[in-house]
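A.B. asks: This is the structure I have questions about; it appears just below.
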Amino acid sequence: MRMSVIGCGYLGAVHAAAMASLGHDVIGIDVDEGRVAALAAGSAPFFEPRLEELLRAGIESGRLRFGTRPGDAAGARVHFLAVGTPQLPGGHAADLRFVEAAVDALRPHLRPGDVLAGKSTVPVGTAARLAARVADTGAALVWNPEFLREGWAVHDTLTPDRIVVGAAAGARGERAVDVLREVYRSAVDAGIPFLVTDLATAELVKGAANAFLATKISFINAMAEVADAADADITLLAEALGHDTRIGHRYLGSGIGFGGGCLPKDIRAFAARAEELGRGAAVGFLHEVDAINLRRREHAVRLVVEALDGLVFGRRIAVLGAAFKPFSDDVRDSPALEVAVRLRGLGADVVVTDPAALDNARALHPQLGYEPSRDEALRDADAVVVVTEWDEYRRELSPAHAASLVRGRVVVDGRNCLDAAAWRAAGWTYCGMGRR
Ligand code: UDX
105 MRMSVIGCGY LGAVHAAAMA SLGHDVIGID VDEGRVAALA AGSAPFFEPR LEELLRAGIE
165 SGRLRFGTRP GDAAGARVHF LAVGTPQLPG GHAADLRFVE AAVDALRPHL RPGDVLAGKS
225 TVPVGTAARL AARVADTGAA LVWNPEFLRE GWAVHDTLTP DRIVVGAAAG ARGERAVDVL
285 REVYRSAVDA GIPFLVTDLA TAELVKGAAN AFLATKISFI NAMAEVADAA DADITLLAEA
345 LGHDTRIGHR YLGSGIGFGG GCLPKDIRAF AARAEELGRG AAVGFLHEVD AINLRRREHA
405 VRLVVEALDG LVFGRRIAVL GAAFKPFSDD VRDSPALEVA VRLRGLGADV VVTDPAALDN
465 ARALHPQLGY EPSRDEALRD ADAVVVVTEW DEYRRELSPA HAASLVRGRV VVDGRNCLDA
525 AAWRAAGWTY CGMGRR
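Residue numbers for the sequence shown follow the numbering used here, so the first one is 105 and each next one is one higher.
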């Protein structure tokens, strides 16, 4: 099927490449000429496992192209809307400027029978408004939220847990849903649930899913605060909780909390929208979820300060990790980087290392020290802070080897990802987050 993907960021670039890999004929469109040139040359503009492989295969097959003009979308049967919805400057609501601009630019190229499929995360009610805006073109608008995780984006796009398509009632909506079913034929045939809803429900599913995941993480981090005060161990508590099949182990990883380009801004936008709808009380807990999450960053810094007996100024601190999570080079709202920035603010000589995110981190915070080599970052450090659980730190760094490089054997495990007993046995003062 011929399709266009408007917006080629983390979501759109992966979606375009994945759709081409399914045999569709895809044009990806973005206003950023540099990004389009990179994608057209088969090079991923950000770190995402398997993306380049898919890009190259798609381009070679002739089924995947990229362009900058909205008119390039003309002739496609389905137009996926995958532009960003960042947090409004100075507010909590989502900034819909890019979504609206994309729809307005596409509008003159829509034909009767075309399907406009929104994938961006938007406040509930947006889809109905956009549907009205394109109604006179004869195109139908559906909402098809995307649940991909960075680092697993290709996997999550090709084999999602479920596909949700929201459509307006009536023949035009039904036809549009059938078109989407055809787009995702291979996944549907493989038994992946395909759920058809109204527009508002589809928009809410995405917000609610992110709110739930963020709440689960902040729940375990709140328990970590209590565990700290009670001399208990949060990792054992989480392990025991997760065995309850009603709870499960996933998203019970305690530490410095969630960050990235989605969860933090999405829960704020979700709450802001619920408040607009007069249901602020129903989402009051999300403010607490946010507050618990932000406290974790402060707490990690406090642990470092305490471990250094309050003497931070001028001390060398190796910060292992900058990305908001492993398998990503994304530093948007990264808890890891915020810990580094705060330590620098206290006068520490901070050296940050990360296998993928150093360039992005440096562009955002040029005041920090950066070192591509993990071992060089560790050399002569007075303290070590692990803030992104890359395998390079979690599995591949032996405490004895690290001890041979540093000046002070103090490690703060901001992700509770190290083997505390092994580090202590190698002579380290080990501090976890909620595992005194
Ligand atoms: C998230 C959602 O998972 C995805 O469905 C949605 O489409 C976009 O937002 P992503 O931002 O890529 O995806 O990252 P995710 O893997 O969910 O992690 C988010 C943050 O939570 C990371 O900072 C991660 O380190 C943190 N996290 C995750 C925890 O602190 N503990 C956990 O147990 C899991």
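Glycine is no exception: its CB is placed at the ideal position from the N, C-alpha and C atoms.
Under 8 angstroms: do the segment 332-351 and the segment 296-308 share three or more Cβ pairs, one atom per stretch?
C.D. replies: no
A.B. asks: How many angstroms separate the CA atom of I133 from the CA atom of A120?
C.D. replies: 9 angstroms
A.B. asks: Could you give the first and the last residue of the continuous beta strand (DSSP E) run that contains Y497?
C.D. replies: Looking at the DSSP string, Y497 is not in any beta strand (DSSP E); the run it does join, the alpha helix (DSSP H), is D495 to R498.
A.B. asks: Which one or two residues does DSSP pair with A422 in a beta bridge?
C.D. replies: Partner(s): V455 and V488.
A.B. asks: Return yes when the C-beta of L381 is under 8 angstroms from any heavy atom of ligand 1, and no when it is not.
C.D. replies: no
A.B. asks: Tell me the residue span of the beta strand (DSSP E) that contains M107.
C.D. replies: Note, M107: beta strand (DSSP E), R106 to I110.
A.B. asks: In whole angstroms, give me the CA-to-CA distance for V109 and V435.
C.D. replies: 25 angstroms
A.B. asks: Just the C-alpha distance for D265 and V309, rounded to the nearest angstrom, thanks.
C.D. replies: 13 angstroms
A.B. asks: Which residue marks the beginning of the beta strand (DSSP E) containing T301, and which one marks its end?
C.D. replies: F298 to T301
A.B. asks: With a floor of 3 residues, list each beta strand (DSSP E) that falls wholly inside the segment 265-292, ordered by position along the chain.
C.D. replies: With a minimum length of 3 residues, the continuous beta strand (DSSP E) runs that stay inside the segment 265-292 are 267-271.
A.B. asks: Check whether the Cβ atoms of G277 and S432 lie closer than 9 angstroms to each other.
C.D. replies: no
A.B. asks: In angstroms, rounded to a whole number, what distance separates the CA positions of E329 and A239?
C.D. replies: 52 angstroms
A.B. asks: Measure the Cβ-Cβ separation of E250 and T225 and say whether it is below 9 angstroms.
C.D. replies: yes
A.B. asks: Would you report the Cα separation of A507 and D523, rounded to the nearest angstrom?
C.D. replies: 15 angstroms
A.B. asks: Over what stretch of residues does the alpha helix (DSSP H) that includes I371 continue unbroken?
C.D. replies: L367 to E380
A.B. asks: Taking G307 as the reference, give the member of N248, I360, A315 and S290 with the closest Cα.
C.D. replies: In the sequence under discussion, the amino acid at residue 307 is Glu, which differs from the Gly named in the question. If we check each option's Cα against that of E307, N248 comes out closest.
A.B. asks: Taking 8 angstroms as the limit between beta carbons, can you name the residues of its chain near V135, skipping five residues before and five after?
C.D. replies: T172
A.B. asks: Going by the beta-carbon positions, is the gap between V182 and V287 smaller than 9 angstroms?
C.D. replies: yes
A.B. asks: DSSP state of D523, grouped into three classes?
C.D. replies: coil
A.B. asks: Count the other C-beta atoms from every protein chain shown that fall within 10 angstroms of the C-beta of D394, then say buried if there are 16 or more, exposed otherwise.
C.D. replies: buried
A.B. asks: G425 to T492, Cα distance in whole Å?
C.D. replies: 4 angstroms
A.B. asks: Determine the burial state of H403: buried for a count of at least 16 other Cβ atoms within 10 Å of its Cβ, exposed for fewer.
C.D. replies: Residue burial annotation: H403 is buried, with at least 16 other C-beta atoms found within 10 angstroms of its C-beta.
A.B. asks: Does the beta carbon of S358 fall short of 8 angstroms from some heavy atom of ligand 1?
C.D. replies: Result yes, Cβ under 8 angstroms from ligand 1.
A.B. asks: Quick check: what's the CA-CA separation for R106 versus A385?
C.D. replies: 45 angstroms
A.B. asks: Can you grab the Cα-Cα spacing for the pair G222 / A180, in whole Å?
C.D. replies: Roughly 15 angstroms between the two C-alpha positions.
A.B. asks: Just curious, the alpha helix (DSSP H) that R446 is in, first and last residue?
C.D. replies: P439 to G449
A.B. asks: Is the segment 474-492 touching the segment 515-534, taking contact as three or more C-beta pairs under 8 angstroms?
C.D. replies: These segments touch.
A.B. asks: For the segment 359-374 and the segment 309-319, state whether three or more C-beta atom pairs, one from each stretch, are separated by less than 8 angstroms.
C.D. replies: yes
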